[in-house]
Amino acid sequence: MSSSTATLETYQQHVEDEWTAPETVNAWDRWLPKQIGQFGPATALLAEAAGIQAGDTVLDLGSGAGDPAFTLATLVGPSGRVTATDLAEGMVQACREHVQARGVSNIDCLQADAQSLPFPDASFNRVTSKLGAMYFTDVQKALSEIRRVLQPDGRVALVCWGAVERNPYVLHHAGPFFARAEIQPPPPDMPHPFRFAQPGTLAAELERAGFLDVVEETHVVPMPWAGPPEELWQNFYEVAVPVRPLIDGLSPDEREAAIGEVLAGLRQYYDGSYTSPPGAFVIASGAR
Ligand SMILES: C[S@@+](CC[C@H](N)C(=O)[O-])C[C@H]1O[C@@H](n2cnc3c(N)ncnc32)[C@H](O)[C@@H]1O
Numbered sequence: 022m023s024s025s026t027a028t029l030e031t032y033q034q035h036v037e038d039e040w041t042a043p044e045t046v047n048a049w050d051r052w053l054p055k056q057i058g059q060f061g062p063a064t065a066l067l068a069e070a071a072g073i074q075a076g077d078t079v080l081d082l083g084s085g086a087g088d089p090a091f092t093l094a095t096l097v098g099p100s101g102r103v104t105a106t107d108l109a110e111g112m113v114q115a116c117r118e119h120v121q122a123r124g125v126s127n128i129d130c131l132q133a134d135a136q137s138l139p140f141p142d143a144s145f146n147r148v149t150s151k152l153g154a155m156y157f158t159d160v161q162k163a164l165s166e167i168r169r170v171l172q173p174d175g176r177v178a179l180v181c182w183g184a185v186e187r188n189p190y191v192l193h194h195a196g197p198f199f200a201r202a203e204i205q206p207p208p209p210d211m212p213h214p215f216r217f218a219q220p221g222t223l224a225a226e227l228e229r230a231g232f233l234d235v236v237e238e239t240h241v242v243p244m245p246w247a248g249p250p251e252e253l254w255q256n257f258y259e260v261a262v263p264v265r266p267l268i269d270g271l272s273p274d275e276r277e278a279a280i281g282e283v284l285a286g287l288r289q290y291y292d293g294s295y296t297s298p299p300g301a302f303v304i305a306s307g308a309r
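Residues in the sequence shown are numbered consecutively from 22, following this note's numbering.
Dropping the structure here:
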């Protein structure tokens, strides 16, 4: 086994450990309804970049418990269909339960690794992923699979986190922890939340994979959380799996001081109903 293969296997195992843990799945399941609203503006950009229309057949990758699948299902309407997929079977099960509870008839939930898709060639006319692509260990393999399952007139759109320094949502939640820990920049090919934050990096991957008409933009948009700052912090702590070791690695005193700073920072975005720190997102799309 070559050392790069061994590295990819280590990364993949890490991704699987992070996203299949029951407490992670439970958190993404529990918070889904509020997160759909919180990420509404980012999802609107994703749908626009993918060119989603009524009647489309959409494959959503790394769907978690069902965001953005539910929004996309509304956009494609009864004549369209969304296939919501995730690496983690627990996430897929959670998505299925939300589909049943909401009585939605145009979403199918299926376990699938983006790097090895269980679909015939040319099965979909749109492929999307919100905050999933950063974790596709071998991103070129995933993009080649995406091209394979897209129809000739198909389009892919991917949303990833933008740079920390342009991202009040991330800065206010994680900044106080980043400031208290010694963090080495991760290797560029390692799956992590900010892997494609540097402008142009996601577009370069799409072009390398053979996509045409590649467009990449960074947008800073509101992230309206329907609740107070304390609840938003609790949500972040539970769902931001890659950052959790940093938070839990601090001493109790330092952790408490950092959480105090988080809450003080978030309060400026609270209007009595919503806490809405803006988030920066990289959105890249390409034609098959
Ligand atoms: C940050 S969550 C985003 C979930 C959802 N799209 C959302 O925005 O609420 C990342 C998701 O990507 C999934 N994932 C990671 N690697 C994957 C892969 N190779 N194929 C499919 N899904 C993957 C994880 O299991 C996790 O559910």
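Note that beta-carbon positions come from the ideal geometry of N, C-alpha and C, so glycine has one too.
Residue i CB to nearest heavy atom of ligand 1 below 6 Å
i	result
W40	yes
F157	yes
M211	no
G83	yes
V191	no
M112	yes
V180	no
L152	yes
Q136	yes
V36	yes
D77	no
D50	no
D234	no
D129	no
D88	yes
Backbone CA spacing between residue i and residue j [nearest angstrom]
i	j	result
R309	S137	18 Å
I304	G248	27 Å
A9	I167	Because the chain in this structure spans residues 22 to 309, residue 9 falls outside the shown range and cannot be described.
G307	A86	26 Å
H193	D142	43 Å
Q121	N146	25 Å
Y32	P214	13 Å
E37	V148	22 Å
E30	P43	22 Å
G83	M244	20 Å
F199	L267	8 Å
G98	R176	18 Å
M22	Q34	Per-residue confidence for M22 stands at a pLDDT of 47, beneath the threshold of 50, marking its modelled position as unreliable; the derived number appears in the next sentence. Roughly 16 Å separates the two Cα atoms.
A285	E277	12 Å
D81	R288	34 Å
Y290	S297	5 Å
Q114	T95	21 Å
V191	L108	25 Å
I73	S272	47 Å
R169	T78	15 Å
F232	L93	22 Å
A90	T106	9 Å
Q172	S144	6 Å
Start and end residues, alpha helix (DSSP H) containing residue i
i	result
P273	P273 to R288
A105	Careful: A105 lies outside any alpha helix (DSSP H), inside the beta strand (DSSP E) at R102 to D107.
L267	R265 to D269
I57	P43 to Q59
L93	A90 to V97
D111	The displayed chain sequence assigns Gly, not Asp, to residue 111. Counting along the chain, the alpha helix (DSSP H) containing G111 begins and ends at E110 to R123.
V260	P250 to V260
Given residue i as reference, the closest of the options once Cα atoms are compared
i	options	result
L218	W246, N188 and G183	Leu is not the amino acid found at residue 218; the sequence shown has Ala there. For A218, the nearest C-alpha among the options comes from G183.
T239	D269, V185, N47 and S126	V185
Y295	A133, W254 and V113	W254
A132	W40, L96 and K162	Going by the sequence as given, residue 132 is Gln instead of Ala. Selected option, being the one with the closest Cα: W40.
L152	G101, L96 and D88	D88
P220	P207, P208, V236 and F232	V236
P197	E252, E282 and G124	E282
Q59	N256, E203 and V103	N256
G261	S25, T28 and T45	The question names Gly, yet the displayed sequence has Ala at residue 261. Measuring from the Cα of A261, the nearest candidate turns out to be T45.
R216	L53, G61, V180 and R169	V180
T28	P209, F91 and D174	P209
A189	S25, C130, F302 and A65	Reading off the sequence, residue 189 comes out as Pro, not Ala. The shortest Cα separation from P189 among S25, C130, F302 and A65 belongs to F302.
L164	L66, A225, N47 and P62	A225
W52	Y156, G124, A178 and Y258	Y258
S126	S150, S100 and D134	S100
V103	Q56, G111, M112 and A75	A75
Start-to-end residues for the beta strand (DSSP E) that takes in residue i
i	result
V303	G300 to A308
P173	L171 to W182
Q132	I128 to Q132
L80	T78 to D81
L233	L233 to V242
C-beta neighbour in chain D for residue i, strict 7 Å
i	result
E69	This model lacks chain D altogether; it includes just one protein chain.
Residue i Cβ short of 6 Å to ligand 2 heavy atom set
i	result
A109	This structure lacks ligand 2; its bound ligands are ligand 1.
Contained beta strand (DSSP E) runs [length at least 3] in the stretch 143–228, N- to C-terminal order = Whole beta strand (DSSP E) segments, 3+ residues: 145–151 and 171–182.
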